[in-house]
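Chemist: Count along the sequence shown from 1, then add 593; that gives the number in the working numbering.
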Amino acid sequence: MGFMAGLTLMGAVYGCAPLITEGEIYQKVYEPDRTWVMLMPIVIPSGKSTTTILVPMFMHDDEDFIVKIKQYDQTQAKEIKESLYVSEEVYNTVKVGDWFVSGTYDEQKYGKIEYSDPVAKHRATVVEQDQLGVQH
594 MGFMAGLTLM GAVYGCAPLI TEGEIYQKVY EPDRTWVMLM PIVIPSGKST TTILVPMFMH
654 DDEDFIVKIK QYDQTQAKEI KESLYVSEEV YNTVKVGDWF VSGTYDEQKY GKIEYSDPVA
714 KHRATVVEQD QLGVQH
């Protein structure tokens, strides 16, 4: 297995699951929704030369409620930190200094807790794929 393939596999194995699912809340972060324009370069080949044009793409990120937790790991002799994306209700219920345990909050009442996996967070749903005409 090549070096890059090994790094990719390692990222896939270690990048998705949270390191810890409980710990002391040391920070709460609110990120408001935002929309921005990103210029994507499109390369158009034409014979022996190419032309690059910049196409504006509108991007949107919904508001996020993030609870940052930490816990001391005695086996590694270091503090481990994790960011958890939670619902607005959970965010408003907990406070800095609380001991947060994922799964102890009523999911029917507060919603499912998401972990800090940016790929999963921004992956298009089946409905969004259908709206865009993507075959899945």
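Every residue, glycine too, gets a C-beta built ideally from N, C-alpha and C.
Should the stretch 672-686 be called in touch with the stretch 631-645, which here means at least 3 C-beta pairs below 8 Å?
Modeler: no
Chemist: What are the residues that DSSP puts in a beta bridge with P649?
Modeler: L632
Chemist: Distance, Cα to Cα, D626 vs K641?
Modeler: Each residue's Cα considered, the two are about 44 Å apart.
Chemist: What are the boundary residues of the alpha helix (DSSP H) that includes V683?
Modeler: 681-686
Chemist: Return yes when the Cβ of E624 is within less than 8 Å of the Cβ of S695, no when it is not.
Modeler: no
Chemist: For the beta strand (DSSP E) containing I618, list its first residue and its last residue.
Modeler: 615-624
Chemist: In its own chain, which residues sit with a C-beta less than 7 Å from the C-beta of T730, not counting the 5 before and 5 after it?
Modeler: No statement about residue 730 is possible, as the shown extent of the chain runs from 594 to 729 and does not include it.
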